[in-house]
Ligand SMILES: [Fe+2]
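Numbering (my numbering), first residue to last: 14 to 274.
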């Protein structure tokens, strides 16, 4: 198992912080070519960190998590990772209800590092739940407790001048204007994050990349989604995002798509 430090001050001296934003790598139905493509780019370009916004596995099996641990550990850059709805036990309902994130947290303990940058902070937000009233249970729910924890962290950093990135699995806002939001509590969470000083919300889940900016009470909050590196394609090829932040130039986003038919 790789021995990454628990706290990485990797970006303290860098003017530009480069993050590779990847999501929905889905071990079990992974696209091997896409995984190699991403890992090669990490090895060649050495981003300051990788941010993964969930769905590490397809069915949260021990074998799939073991493969994920090997792959993420092999990237050898600081990494922060959030669970997706596919990262809770699917077959073992007893475990799903009792300890839904135990397998994921073992992975996170092995590969996740707390990221500290002079000009940028990444704050997690949990949007996955073990069960909900509607079915299927794949869409997001932002619980009050989860939102309060993220808001408290943002407020703790309110005066430090850093660029604040929130990382979660489910998009918090619906895409087309007027369409229903599949994430329960998403609109309220998005507004609360804006008020607390967030600049960007990163997510995955929909397997297609997007980059949208919403106005919340006069404050712009950007919502950026990464695609997938799995075979579960929707309307686009496997992809990931490259985020570059500079205190004077702001944030630029590059969507990279794997070439092919
Ligand atoms: Fe997914």
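Cβ atoms here follow ideal geometry from the backbone N, Cα and C, with glycine treated the same way.
Pick from the options that is closest to residue i, judged by C-alpha positions
i           : options              : result
residue 210 : 181, 217 and 166     : 166
residue 158 : 142, 89, 151 and 77  : 142
residue 261 : 116, 137, 175 and 32 : 175
residue 220 : 250, 229 and 233     : 250
residue 180 : 192, 138 and 169     : 138
residue 125 : 255, 202, 65 and 258 : 65
residue 216 : 238, 223, 49 and 81  : 238
residue 226 : 186, 218 and 62      : 186
residue 116 : 133, 168, 131 and 95 : 95
residue 99  : 89, 91, 93 and 114   : 114
residue 131 : 170, 83 and 52       : 170
residue 207 : 218, 197 and 231     : 231
residue 52  : 67, 81 and 218       : 81
residue 229 : 222, 161 and 212     : 212
residue 270 : 34, 30, 29 and 257   : 34
residue 91  : 129, 67 and 69       : 129
residue 224 : 134, 184, 259 and 86 : 184
Identity of the residues DSSP links to residue i by a beta bridge
i           : result
residue 176 : 133
residue 32  : 62 and 256
residue 268 : 254
residue 232 : 229
residue 70  : 40
residue 219 : None; residue 219 has no bridge partner.
residue 154 : 197
residue 263 : 259
Residue i: first and last residue of the uninterrupted alpha helix (DSSP H) it sits in
i           : result
residue 124 : 115-124
residue 239 : Residue 239 -> no alpha helix (DSSP H), and no H or E assigned at all.
residue 163 : 157-169
residue 200 : 199-208
residue 77  : 75-88
residue 287 : Limits of the chain in this structure are 14 at one end and 274 at the other, which puts residue 287 out of reach.
Element boundaries [beta strand (DSSP E), containing residue i]
i           : result
residue 256 : 252-259
residue 43  : Unbroken run through residue 43: none, as it is neither H nor E.
residue 224 : 223-229
residue 185 : No beta strand (DSSP E) contains residue 185, which DSSP labels as neither H nor E.
residue 215 : 213-216
residue 92  : 92-94
Would the stretch 38-46 and the stretch 106-120 be scored as touching if the rule is three or more Cβ pairs under 8 Å?
Because the criterion of three Cβ pairs below 8 Å is not met, the stretch 38-46 and the stretch 106-120 do not touch.
Whose beta carbon lies closer than 5 Å to any heavy atom of ligand 1, going through the chain in order?
Per the Cβ criterion, the list is 37 and 68.
Report yes or no: do the stretch 252-270 and the stretch 68-80 share at least 3 C-beta pairs separated by less than 8 Å?
No: fewer than three Cβ pairs fall under 8 Å.
Specify whether the stretch 240-257 and the stretch 190-203 touch according to this definition: at least 3 beta carbon pairs, one from each stretch, less than 8 Å apart.
With the cut-off at 8 Å, the stretch 240-257 and the stretch 190-203 do not touch.
Indicate whether the contact test is met: 3 or more Cβ pairs, each with one atom in the stretch 226-236 and one in the stretch 201-210, closer than 8 Å.
Touching, yes, given that three or more Cβ pairs across the two stretches are closer than 8 Å.
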